[in-house]
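Trainee:
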Amino acid sequence: GNYTNLYIGLLLWIVIIFTCYETFSQESKSDELMEKFRAMVPAAATVIRDGNTVPISATDIVIGDLIRLKSGEKVPADCRVIFNQSLKVDQSMITGESEAVDTTVNAADPNALEARNIIFNGSLCVDGSCIAVAIRTGDATLIGTMVELTGDVGKNSSTLKKDIEYFVKFLTAFALFQSAIVFIVGISRGIDPVQVFIQGFVVIMIGNVPQGLPATVTACLFIIADRMGKVNVFVKKLDIIETLGSCTCICTDKTGTLTQNLMSVANLWVVSTKFSVTESIEANKQDAILDKISQLTYLIDVATLNSRVVLEKKTEDSPFVPNGDATELGLYRHMSKLIEDKYKQDIETYRNNNVKVHEIPFNSSNKWQMSIHKFKKFNDSEILLLKGAPDVLLSKCNRYLANDGTYKEIDQSFQTRYTSEYEEFGGQGERVLGFAIKPLDKTIEEEESLNPKFKEILKEGLVGKKDGVKPINDLIFVGLITLMDPPRDEVPKAIKDCHTAGVKVVMVTGDHPLTAAAIARKIGLINRPTRDILAKERNIQPKDVPEEDIDAVVVHGSEIAAMTEDHWKILVNKKEIVFARTSPEQKLIIVKEFTKAGNITAMTGDGVNDSPALKQAAIGVAMGLNGSDV
Numbered sequence: 001g002n003y004t005n006l007y008i009g010l011l012l013w014i015v016i017i018f019t020c021y022e023t024f025s026q027e028s029k030s031d032e033l034m035e036k037f038r039a040m041v042p043a044a045a046t047v048i049r050d051g052n053t054v055p056i057s058a059t060d061i062v063i064g065d066l067i068r069l070k071s072g073e074k075v076p077a078d079c080r081v082i083f084n085q086s087l088k089v090d091q092s093m094i095t096g097e098s099e100a101v102d103t104t105v106n107a108a109d110p111n112a113l114e115a116r117n118i119i120f121n122g123s124l125c126v127d128g129s130c131i132a133v134a135i136r137t138g139d140a141t142l143i144g145t146m147v148e149l150t151g152d153v154g155k156n157s158s159t160l161k162k163d164i165e166y167f168v169k170f171l172t173a174f175a176l177f178q179s180a181i182v183f184i185v186g187i188s189r190g191i192d193p194v195q196v197f198i199q200g201f202v203v204i205m206i207g208n209v210p211q212g213l214p215a216t217v218t219a220c221l222f223i224i225a226d227r228m229g230k231v232n233v234f235v236k237k238l239d240i241i242e243t244l245g246s247c248t249c250i251c252t253d254k255t256g257t258l259t260q261n262l263m264s265v266a267n268l269w270v271v272s273t274k275f276s277v278t279e280s281i282e283a284n285k286q287d288a289i290l291d292k293i294s295q296l297t298y299l300i301d302v303a304t305l306n307s308r309v310v311l312e313k314k315t316e317d318s319p320f321v322p323n324g325d326a327t328e329l330g331l332y333r334h335m336s337k338l339i340e341d342k343y344k345q346d347i348e349t350y351r352n353n354n355v356k357v358h359e360i361p362f363n364s365s366n367k368w369q370m371s372i373h374k375f376k377k378f379n380d381s382e383i384l385l386l387k388g389a390p391d392v393l394l395s396k397c398n399r400y401l402a403n404d405g406t407y408k409e410i411d412q413s414f415q416t417r418y419t420s421e422y423e424e425f426g427g428q429g430e431r432v433l434g435f436a437i438k439p440l441d442k443t444i445e446e447e448e449s450l451n452p453k454f455k456e457i458l459k460e461g462l463v464g465k466k467d468g469v470k471p472i473n474d475l476i477f478v479g480l481i482t483l484m485d486p487p488r489d490e491v492p493k494a495i496k497d498c499h500t501a502g503v504k505v506v507m508v509t510g511d512h513p514l515t516a517a518a519i520a521r522k523i524g525l526i527n528r529p530t531r532d533i534l535a536k537e538r539n540i541q542p543k544d545v546p547e548e549d550i551d552a553v554v555v556h557g558s559e560i561a562a563m564t565e566d567h568w569k570i571l572v573n574k575k576e577i578v579f580a581r582t583s584p585e586q587k588l589i590i591v592k593e594f595t596k597a598g599n600i601t602a603m604t605g606d607g608v609n610d611s612p613a614l615k616q617a618a619i620g621v622a623m624g625l626n627g628s629d630v
């Protein structure tokens, strides 16, 4: 009638089954990860073989295949662009670049990540089209390399596991010592050795086994995990919870983690006024400024109408949503609010009322985008609207829109104000766009009736490079609009809290150093002067600034390969650190070096390019809402 042994046997079976399930679960997670990587690669592609365009499976692509790509398609291999029709590619999940990349046929930089004529497997074409030649396929692609890095990185045990192992070893040694004492004393008193061994040695050893430790630790971790789940933190490995409490260094991605990964309008500038979007919204004076400054109204008109954003359905049953590249969508979102406030109509109604009759899309060689509209303000007379790189656009202007609504000649006073604002915006890491207008005397139809090649001549005049065609340089400059990927609202406080707790926060991003440094200063990650700032203040060369004076550094990813162990020892002890233009392999190296320096390192990120470093770090924190599946 004693069922004790049966209960113990059943309990052991439950423990064995649970252990087997955990082992199987860990193995299946690796398989799921590989499946998610595969899901990022398109299933099919369109290639040109033997002069014919044929659809094939993406797995059948070989090096040298010519691939046709257009807006909305995923890139099926690492490719080099050989024919380009204004293709823009979203590579943010792979390279960390927050904006869509304008591709070119010629390399802009020897580094493949910045070359602009190399597009990567798994990237999304957001605008334009191209023909590209496959240069790497399968495991040799950038995303394939990330799969290999993610699968192969060696990871140390968690601090909890190390602490438990240390405790068990100590307990074992202590139990052996006790058992040895009892055994020796028993033998010395003439007790039967077998009896001493069973009743003394074995019993003491068993008595010192902490049977309740695993259950107690697991229960505590489950309680903590449940609390974290209530604040939207999902814990995949329970033992990491204790490690997180011991964290001394956080390496964090920028795009989508510290920032919103959503290009937004930051400033509007006309010749008389800078209009900071954030400050005006906070002060509730946006409408008042719009009513007061007529130039801003024209700037909003140009930014709204000269746009290639279209409304599309993602599925048959879903509502229409705006689609375009990140910059255009940022302008569209902000202008839709301003148009509604100013004209009391939605942005699509306003665009439809000012009909577009002709356009020339943006491309990376011209650096501008042009459209012609029937403009309601001018009684449906046609107006040419131009937006693009400010310096390129300004070279086509000889007048600017003044405060009183008149057109004035561009003079030295205007140039001084313009240059000052442009350099200030650029120094803040913001993307700057210029806007210009030109009211037309005749309609496009009238011009074409006089000269059928009018549109071609117009384009050549704007480009200004063809002999025999008079360059257009009589446009009217309206103003500047800047955009940036803004920081998340809660980030500055979070970084301040980390610093207060003695946790170092390091930015590791694929974005441009200037942009990375500007965001780092906005969120309080960098407060001290960098080498370049100190050199400028002291009027000396950057290399002459003593190393001990530098507490804040911005490191370009290209510098990492040449860094020695001594360089790393100096670098990891700096107070404020930003790494920019880093590849997935370099992010992995950074995490390893900070760990080697004795830090318990956490890595946060939301892109595929972060996955190897996330796995290598003692704590990997993936952004679940806006992050990639991997």
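In full-length UniProt numbering, the protein residues as written are 1 to 630.
Glycine included, every Cβ here is placed at the ideal spot set by N, Cα and C.
Taking only the alpha-carbon atoms, compute the straight-line gap between residue 239 and residue 159 and give it to the nearest angstrom.
Mentor: For the purposes of this step, residue 239 is identified with residue 239 of the sequence shown, where counting begins at 1. For the purposes of this step, residue 159 is identified with residue 159 of the sequence shown, where counting begins at 1. Roughly 8 Å between the two C-alpha positions.
Trainee: Among residues of its own chain, excluding the 5 on either side of residue 137, which ones have a beta-carbon nearer than 7 Å to its beta-carbon?
Mentor: Translated into positions along the sequence shown, residue 137 becomes position 137. Around residue 137: 61, 62, 63 and 77.
Trainee: Short check: CB of residue 425 to CB of residue 477, under 9 Å?
Mentor: For the purposes of this step, residue 425 is taken as the residue at position 425 of the sequence shown. For the purposes of this step, residue 477 is taken as the residue at position 477 of the sequence shown. No. Outside cutoff.
Trainee: Tell whether a beta-carbon distance below 9 Å holds between residue 398 and residue 451.
Mentor: Translated into positions along the sequence shown, residue 398 becomes position 398. Translated into positions along the sequence shown, residue 451 becomes position 451. Going by C-beta atoms, residue 398 is not nearer than 9 Å to residue 451.
Trainee: According to DSSP, is residue 318 part of a helix, a strand, or is it coil?
Mentor: What you label residue 318 is simply residue 318 of the sequence shown in a count that begins at 1. Correct three-state label for residue 318: coil.
Trainee: Rounded to whole angstroms, what's the CA-CA distance from residue 347 to residue 523? Just pull it up for me.
Mentor: Numbered from 1 along the sequence shown, position 347 holds the residue referred to as residue 347. Numbered from 1 along the sequence shown, position 523 holds the residue referred to as residue 523. The alpha-carbon atoms of residue 347 and residue 523 are separated by roughly 33 Å.
Trainee: I need the straight-line Cα distance from residue 95 to residue 202, nearest angstrom please.
Mentor: Numbered from its first residue, the sequence shown carries residue 95 at position 95. Numbered from its first residue, the sequence shown carries residue 202 at position 202. Answer to the nearest angstrom: the Cα atoms are 60 Å apart.
Trainee: In the DSSP assignment, find the alpha helix (DSSP H) that holds residue 397 and state where it starts and stops.
Mentor: Along the sequence shown, read from residue 1 onward, the residue named residue 397 stands at position 397. Per DSSP, residue 397 belongs to no alpha helix (DSSP H); it is in the beta strand (DSSP E), 397-401.
Trainee: For the putative contact between residue 590 and residue 249, defined by C-beta atoms under 8 Å, what is the C-beta separation to the nearest angstrom?
Mentor: Taking the sequence shown and counting its residues from 1, one reaches residue 590 at position 590. Taking the sequence shown and counting its residues from 1, one reaches residue 249 at position 249. Contact flag wrong, Cβ pair sits at about 10 Å.
Trainee: Taking 8 Å as the threshold, find out whether the stretch 431-447 comes into contact with the stretch 477-488 through three or more Cβ pairs.
Mentor: They touch, by the three-pair rule.
Trainee: Using 8 Å as the threshold, is the stretch 81-90 in touch with the stretch 123-142, meaning 3 or more CB pairs across them?
Mentor: Yes, the stretch 81-90 touches the stretch 123-142.
Trainee: Where does the unbroken beta strand (DSSP E) through residue 303 begin, and where does it stop?
Mentor: Here the question's residue 303 lines up with position 303 in the sequence shown. Looking at the DSSP string, residue 303 is not in any beta strand (DSSP E); the run it does join, the alpha helix (DSSP H), is 294-305.
Trainee: Given a threshold of 16 other Cβ atoms within 10 Å of its Cβ, counted over all protein chains shown, does residue 3 qualify as buried or as exposed?
Mentor: For the purposes of this step, residue 3 is identified with residue 3 of the sequence shown, where counting begins at 1. It is exposed - the Cβ of residue 3 has fewer than 16 other Cβ atoms within 10 Å.
Trainee: Output yes or no for whether 9 Å exceeds the beta carbon distance between residue 546 and residue 259.
Mentor: Within the sequence shown, residue 546 is the residue found at index 546, counting from 1. Within the sequence shown, residue 259 is the residue found at index 259, counting from 1. For residue 546 and residue 259, no; Cβs fall outside 9 Å.
Trainee: What separation, rounded to the nearest whole angstrom, lies between the Cα atoms of residue 556 and residue 335?
Mentor: The count along the sequence shown starts at 1 and reaches residue 556 at position 556. The count along the sequence shown starts at 1 and reaches residue 335 at position 335. About 35 Å.
Trainee: Taking C-beta to C-beta, are residue 597 and residue 621 nearer than 9 Å?
Mentor: By one-based count along the sequence shown, residue 597 stands at place 597. By one-based count along the sequence shown, residue 621 stands at place 621. Cβ distance not < 9 Å, so residue 597 and residue 621 don't count as in contact.
Trainee: Express the C-alpha separation of residue 268 and residue 105 in angstroms, rounding to a whole number.
Mentor: Working through the sequence shown from its first residue, we reach residue 105 at position 105. Working through the sequence shown from its first residue, we reach residue 268 at position 268. Their backbone Cα atoms lie some 33 Å apart in a straight line.
Trainee: Count the other CB atoms, across all protein chains shown, that sit within 10 Å of the CB of residue 174; report buried if there are 16 or more and exposed otherwise.
Mentor: Counting from one through the sequence shown, the residue named residue 174 turns up at place 174. Counting Cβ neighbours within 10 Å, residue 174 comes out exposed, since fewer than 16 surround it.
Trainee: Just verifying my parser: in three-state terms, what is the DSSP assignment at residue 238?
Mentor: Numbered from its first residue, the sequence shown carries residue 238 at position 238. Residue 238 falls in the coil class under three-state DSSP.
Trainee: So residue 48 is in the beta strand (DSSP E); what residue range does that whole segment cover?
Mentor: In the sequence shown, the residue the question calls residue 48 occupies position 48. Here the beta strand (DSSP E) through residue 48 covers 44-49.
Trainee: In the structure shown, what three-state DSSP assignment does residue 434 receive?
Mentor: Here residue 434 refers to the residue found at position 434 when the sequence shown is read from its first residue. If DSSP states are grouped into helix, strand and coil, residue 434 belongs with the strands.
Trainee: Check the C-beta distance from residue 200 over to residue 183 and give it rounded, since I have them as a contact under 8 Å.
Mentor: Locating residue 200 in the sequence shown gives position 200, where the first residue counts as 1. Locating residue 183 in the sequence shown gives position 183, where the first residue counts as 1. Their Cβ separation, rounded to whole angstroms, is 6 Å, which keeps residue 200 and residue 183 in contact under 8 Å.
Trainee: Check whether the Cβ atoms of residue 309 and residue 332 lie closer than 9 Å to each other.
Mentor: As a first step, residue 309 must be located in the sequence shown, where it is residue number 309. As a first step, residue 332 must be located in the sequence shown, where it is residue number 332. A contact, by the Cβ cut-off of 9 Å.
Trainee: Considering only C-alpha positions, which residue in the set 412, 67 and 221 is nearest to residue 51?
Mentor: Here the question's residue 51 lines up with position 51 in the sequence shown. Among 412, 67 and 221, the Cα nearest to that of residue 51 belongs to 67.
Trainee: I'd like to confirm the pairing. Which residues does DSSP put opposite residue 371 in its beta bridges?
Mentor: As a position in the sequence shown, residue 371 is number 371, starting the count at 1. Answer by DSSP bridge pairing, in chain order: 359 and 385.
Trainee: Mind checking who residue 275 pairs with in its DSSP beta bridge?
Mentor: Reading the sequence shown from its first residue, position 275 is the one you call residue 275. Beta-bridge pairing links residue 275 to 268.
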